[in-house]
Amino acid sequence: MSSSATEEGTTTSFLNEVPMGPPDAILGIAQAFRECDNPNKVNVCVGAYRDSEGSPWVLPAVRSAEKILLDSGAKKEYAPIDGDAAYVKLALKFAYGPELDLSTAAAVQTLSGTGACRIGGEFFGRFLPSDSKKIYVPNPTWGNHVKIFGACGLEVQRYRYYDPKTNGLDLDGMLEDINDNMSEGSVILLHACAHNPTGCDPTLEQWKEISDVIQRKNLYVFFDSAYQGFASGDAEKDAAALRLFVSEGHKVVLAQSFAKNFGLYGERCGTLSILCENANQKAAVMSQLKLIIRPMYSSPPIHGSSIVRTVLSDDELRAQYYDECAGMAERIGSMRGLLVDKLKDVGSTHDWSHITSQIGMFAFTGMSKEMVETLTSEYFIFMTLDGRISLAGINDKNVEYIAKAIHAVTDGKSIVAA
Ligand code: PLA
C-alpha cells in the first residue's frame, strides 16, 4: 500500500483520496428502503416478485427441486469454467425452443443476467473491429446496461424506443435510428420481452420490420432476456421475438436470466449464448469466453443452475413450473387494474390507461423525478426516479395507501414519462 509521512509524522493513505461514489439508481433505493423505519413504507423499487401478502416467494417447483438435490446428496464440487453443460443445454432450449439445432451455439453459464451482459460485453469489447466497438441501447433502458457495456470498452449510444406522448413504441423513430444512425457491424441491444422500464414491447409484425432493417444494416443482435414468462405469463410466447430473429437468420447473442421467472434472484443463475456459423467458430468463441471468465470469477455458482436443471429435466416439475410462473405474471397483471381502479376511486382524474396497457413487472407511470422524491420523502414509497413502479410490491393491503399518495402528488399536474 502506498503511503506518505505528513509533517506531524502520521501516515496518510491513498484511501483518503478515494472519492465517494453515488449510490446505484435502483439498488441504492432498495438500501434506503431497508434503512427506513416508517411503518407505512412501501417497496416498489426493485423488480423482485412479492406474493399477495407482500412477502418474497419461493416457487414450490423450486423447493421440490431443492429437496430432490438434498435427498440425492448433491456434492459441492467446482463447476467447469463455462458452467454445468446439462443446465446450459436445457436453459438454451427453454429460450430458443425445442426445435432449434444448437450444436454450433457457444454458450456458458453466467452470474445471472448481469453477468451474461458483462461477459457478452467483454467479448464484443475484445473482438469487434475497433471502428465498430459500439452498442446501441433503447432510450430508456435498464440503467445498468449503460454502465456494464461502458465498462467493457464499448461506446454506448441510445436509439429512440419509447414515445412519452403516446405512451407507446416509437417504431418510426427506432427504425430511422437503426437505418440512419447506426454503424454497420456494431451491436444493437434488444429487450427480448417485457421491456424495462417502459413495459412496452413491439408486436410480432413490428419485430419483423425491426429484424429486416437490422439485417440490412448488418448489426449483431444482443437480446437481453430477463423476464421470459413475465410478459404474457407463457414462457414460450415470451420467446417469440428471439425465435423470430433466429428464424430470420440472425446470429444472435443472448443474455438469459433466471432471477425473475424462476425466482432465483440471489442464486445468480443465467446463461450467455452466441450463435456461431460452424464448429470452428464455436470452438474459438468458447475458448475466449472461458478466458474472460477464469480471471474474473473462475467458475459459476452451482445451486441455482442445479435447480433449473432439475426442474427443466423433469416433465412433471416443468409443467408445474410453467403454471407457477403464469401465476406470478397473473398477480402482477391484476395489480395494474387494481392500481388504476384505486386511483380513480381516490379521485384522480388523470388518464392512467397506459398502466394497464403496459406489460411485464413494471408500471412506467409518467411521474416526474420531483413527484417521486415527494412520494418517498412524505409517503415512504420507494421507487426509481424515472417514475417506474415494480407492480409486484403492490397488494390489496397497500394499494389504497399508494393510490392516495400518487393522487396527492400528481393532482392538477401533468404526467408525461421521461
Ligand atoms: N436485464 C434487465 C433488463 C433487467 O431488468 C435486469 C434486472 C437484469 C438484466 C439483471 O438481472 P439479474 O442479474 O438479477 O439476472 N433488473 C432489476 C434488478 C430487476 C436490478 O436492477 O438489478 C430491476 O429492478 O430493474
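Each residue of the sequence shown is one higher than the one before, starting from 571 at the first, in the numbering used here. Yeah, the Cβ is synthetic: ideal placement off N, Cα and C, and Gly gets one too. Since the structure is predicted, the reported quantities are computational estimates derived from the model, not experimental observations.
Open item on the list: For Gln679 and Val658, which I take to be in contact (beta-carbon distance under 8 Å), what is that distance rounded to the nearest angstrom?
Closed with: 6 Å
TODO: In the DSSP assignment, find the unbroken alpha helix (DSSP H) run with Asn751 in it and report its ends.
DONE: 741-751
TODO: Give the range of the alpha helix (DSSP H) segment to which Ile784 is assigned.
DONE: 774-787
Task: Rounded separation between Val942 and Ala829 - CA only - done: 26 Å
- [ ] Go through its chain and collect everything with a Cβ distance to Thr674's Cβ below 8 Å, but skip five positions before and after it.
- [x] Leu845, Cys846, Glu847, Asn848, Ala849, Gln851, Lys852
Task: Close beta carbons around Trp922, own chain, < 7 Å, minus the five adjacent residues each side - done: Val910, Leu913
Open item on the list: For Glu566 and Leu745, which I take to be in contact (beta-carbon distance under 8 Å), what is that distance rounded to the nearest angstrom?
Closed with: The structure shown does not extend to residue 566, since the chain is modelled only from 571 through 988, so no value can be given for it.
Task: Within the stretch 711-743, ranges of the beta strand (DSSP E) (whole runs, at least 3 residues) - done: 725-730
- [ ] Reducing DSSP to helix, strand and coil, say where Lys852 ends up.
- [x] helix
Task: Alpha-carbon to alpha-carbon, Gln826 and Gln798 - done: 9 Å
Open item on the list: Please identify the residue among Asp782, Gly769, Ala635 whose C-alpha is closest to the C-alpha of Asp733.
Closed with: Gly769
Open item on the list: Is it buried or exposed, Leu585, if we count other Cβ atoms within 10 angstroms and call 16 or more buried?
Closed with: exposed
Open item on the list: For Ile877, report the span of its alpha helix (DSSP H) as first-last.
Closed with: 873-882
- [ ] Closer than 8 Å by C-beta to Asn709: which residues in its own chain qualify, once you throw out the five before and the five after it? Chain order, please.
- [x] Arg728, Tyr729, Arg730, Tyr731, Tyr732
TODO: Assign Leu814 to one of three DSSP states: helix, strand, or coil.
DONE: helix
Open item on the list: Considering just the uninterrupted stretch of the beta strand (DSSP E) at Gln601, what are its terminal residues?
Closed with: Here Gln601 belongs to no beta strand (DSSP E); instead the alpha helix (DSSP H) covers 597-605.
Task: Under the three-state DSSP convention, the category Leu842 falls into - done: strand
Open item on the list: Rounding to the nearest angstrom, what Cα-Cα distance links Gly917 and Ile976 in this structure?
Closed with: 11 Å
Open item on the list: Can you look up Arg958 in the DSSP assignment and give me helix, strand or coil?
Closed with: strand
- [ ] Within 10 angstroms of the Cβ of Val881, are there 16 or more other Cβ atoms? Answer buried if so, exposed if not.
- [x] buried
Task: Ser927 classed as buried or exposed, judged by whether at least 16 other C-beta atoms fall within 10 angstroms - done: exposed
Open item on the list: I'd like the list of long-range same chain contacts for Gly653, defined as Cβ closer than 8 Å, with 5 residues on each side in sequence excluded.
Closed with: Val678, Gln679, Thr680, Thr841, Ser869, Pro870, Ser875
TODO: Report yes if the C-beta of Leu681 is less than 8 Å from at least one heavy atom of the ligand PLA; otherwise report no.
DONE: yes
Task: Cβ shell of Val986 (< 7 Å), same chain only, five flanking positions each side left out - done: Pro734, Gly936
Open item on the list: I need the straight-line Cα distance from Cys615 to Thr946, nearest angstrom please.
Closed with: 11 Å
Open item on the list: For Pro708, report the span of its beta strand (DSSP E) as first-last.
Closed with: 704-709
Open item on the list: To the nearest angstrom, how far is the alpha carbon of Leu834 from that of Thr684?
Closed with: 13 Å
TODO: Give me the Cβ distance between Val783 and Asn749, rounded to the nearest whole Å; I'm assuming they're in contact under 8 Å.
DONE: 5 Å
Open item on the list: Less than 9 Å between the beta carbons of Phe693 and Ile862, yes or no?
Closed with: yes
TODO: Taking Gly982 as the reference, give the member of Ile651, Thr919, Phe932 with the closest Cα.
DONE: Thr919
Task: Segment contact flag, the stretch 889-898 with the stretch 620-638, C-beta cutoff 8 Å, min 3 pairs - done: yes
- [ ] Take Ser820 and list the residues in its own chain whose beta-carbon comes closer than 6 Å to its own, dropping the five residues that flank it on each side.
- [x] With the sequence shown as reference, residue 820 is identified as His, and Ser is not the correct amino acid for it. The answer, listed in chain order, is Val791.
Open item on the list: I'd like to know whether the C-beta atoms of Ala809 and Met931 end up nearer to each other than 9 Å.
Closed with: no
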